[in-house]
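The structure appears right after this line, and notes come after that.
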């Protein structure tokens with residue numbers, strides 16, 4: 002069981018892992034060893050998610066979910082498959098936790114009088130600077 006939140010646990014049977022060759026530096030080892038790990042999680046068919054959770058995850062993680070409703074994640078940072086798999090499970094938990102976290106309600110506040118005065122002072126200062134750039138008006142006698 003993978004614990005995402007205190008209310009949500011996902012059985013490992015719902016996750017599919019696939020190993021492939023990693024890209025990037027690593028010498029000859031990169032061409033021989035499958036260290037990159039890909040996680041597939043079918044959001045639409047998951048039995049551990051409620052309909053509300055599925056819709057929220059689908060909306061907030063839509064760039065990571067394909068048309069069939071499968072969430073794809075990759076990890077290839079470490080040189081071993083086991084470390085990449087553990088890193089991937091942490092990444093998966095973090096993503097779902099952030100997606101399901103309730104949105105903070107914005108508290109309406111007023112602009113303080115001091116900040117209004119400060120802004121007006123800056124505008125007046127800028128106006129004075131621009132005024133000094135003008136050519137002086139010559140008065141003919």
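In the working numbering, the protein residues as written are 2 to 142.
Positions of the beta carbon are idealized from the N, C-alpha and C atoms, including for glycine.
- Message: For the structure I just gave you, are there three or more beta carbon pairs, one from the region 80–88 and one from the region 31–50, closer than 8 Å?
- Response: Between the region 80–88 and the region 31–50 there are three or more C-beta pairs closer than 8 Å, enough to call the two in contact.
- Which residue's Cα is closest to the Cα of residue 92: 70, 114 and 65? Checked all of 70, 114 and 65; the closest Cα to residue 92 is 65.
- Those residues which DSSP pairs with residue 106 across a bridge: Per the DSSP secondary-structure output, residue 106 pairs with nothing in a beta bridge.
- Message: Using a Cβ-Cβ cutoff of less than 7 Å, which residues in the same chain neighbour residue 98 once the five nearest sequence positions on both sides are dropped?
- Response: Taken in chain order, the residues that qualify are 5 and 6.
- Quick one: any contact between the region 49–68 and the region 102–112, if contact means 3 or more CB pairs under 8 Å? With a cut-off of 8 Å, the region 102–112 and the region 49–68 do not count as touching, because too few Cβ pairs lie within range.
- Message: Checking 8 Å against the spacing of the C-beta atoms, do residue 86 and residue 44 come in under that value?
- Response: Contact flag unset, no.
- Item | Bridge partners - residue 18, DSSP secondary structure assignment | Residue 18 is bridged to 40.
- Query: Between the C-alpha atoms of residue 74 and residue 18, what's the straight-line distance to the nearest angstrom?
  - Reply: C-alpha separation (whole angstroms): 10 Å.
- Length of the line joining the Cα atoms of residue 1 and residue 52: Residue 1 falls outside the range modelled here, since the chain spans only 2 to 142, and no answer is possible.
- Message: Between the alpha carbons of residue 94 and residue 2, how many angstroms are there, rounded?
- Response: Linking residue 94 to residue 2 through their CA atoms gives a straight-line distance of about 11 Å.
- Apart from the five residues just before and just after residue 76, which ones in its own chain have a Cβ nearer than 6 Å to its Cβ? Sequence-distant partners of residue 76 (beyond 5 residues in either direction) whose C-beta falls short of 6 Å from its own C-beta, in its chain, are 38, 85, 88 and 89.
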